[in-house]
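I have placed the structure first, in the form of structure tokens, so that the comments after it can refer back to it.
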Amino acid sequence: MLIQVNTDKNIENSAALIAHFSGVIKDELGRFDEHITRVEAHLSDENGSKNSGDDKKCVLEAKLKGSNSTVVTVVEATMHQAVKHAAEKVAALLEKTLEKRRVQS
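Under the numbering used here, the first residue of the sequence shown is numbered 350, with each subsequent residue one higher.
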């Protein structure tokens, strides 16, 4: 499973940040490794330097083999919360999708 993390201009795109969020995503979605070809995370700070509460956004897209992408968007107070919550939502959706596949087989 390839994990790609993209950031907007308001978030410093450091190697440590990429490694951290790749790890968060891998921890949550690793059990689907054989079913996922890639995961793309798009991280943004909606209000830039203004501190206005829940403004950290994560759009997470997981591409299943032989299927359309599963995409979720989450906005939270911190980027870590946004990525974690988005990964949890994708995991729940993938679980349902794969269960439907098993039942239909």
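Ideal Cβ placement from N, Cα and C applies to all residues, glycine included. These figures come from a predicted structure and were not determined experimentally.
Once DSSP output is grouped into helix, strand and coil, what is the label at residue i?
i      : result
Asp394 : strand
Mind checking which residues open and close the alpha helix (DSSP H) that includes residue i?
i      : result
Thr446 : Met428 to Gln453
Glu377 : Ala364 to Leu378
Note the first and the last residue of the continuous beta strand (DSSP E) segment covering residue i.
i      : result
Glu425 : Ser418 to Glu425
Glu410 : Lys405 to Leu413
Asn355 : Leu351 to Thr356
Going by the beta-carbon positions, is the gap between residue i and residue j smaller than 9 Å?
i      : j      : result
Thr419 : Val432 : no
Lys359 : Gly397 : Contrary to the premise, residue 359 reads as Asn rather than Lys in this sequence. It is a contact, given that the beta carbons lie within the stated cut-off.
His391 : Leu409 : yes
Met428 : Asp394 : yes
Whole angstroms is fine: what's the gap from residue i's alpha carbon to residue j's?
i      : j      : result
Thr422 : Cys407 : 6 Å
Arg450 : Ala436 : 21 Å
Gly415 : Ile367 : 27 Å
Phe370 : Leu443 : 19 Å
I'd like the list of long-range same chain contacts for residue i, defined as Cβ closer than 7 Å, with 5 residues on each side in sequence excluded.
i      : result
Glu425 : Asp403, Lys405, Ala431 and His434
Apart from the five residues just before and just after residue i, which ones in its own chain have a Cβ nearer than 6 Å to its Cβ?
i      : result
Asn355 : His391
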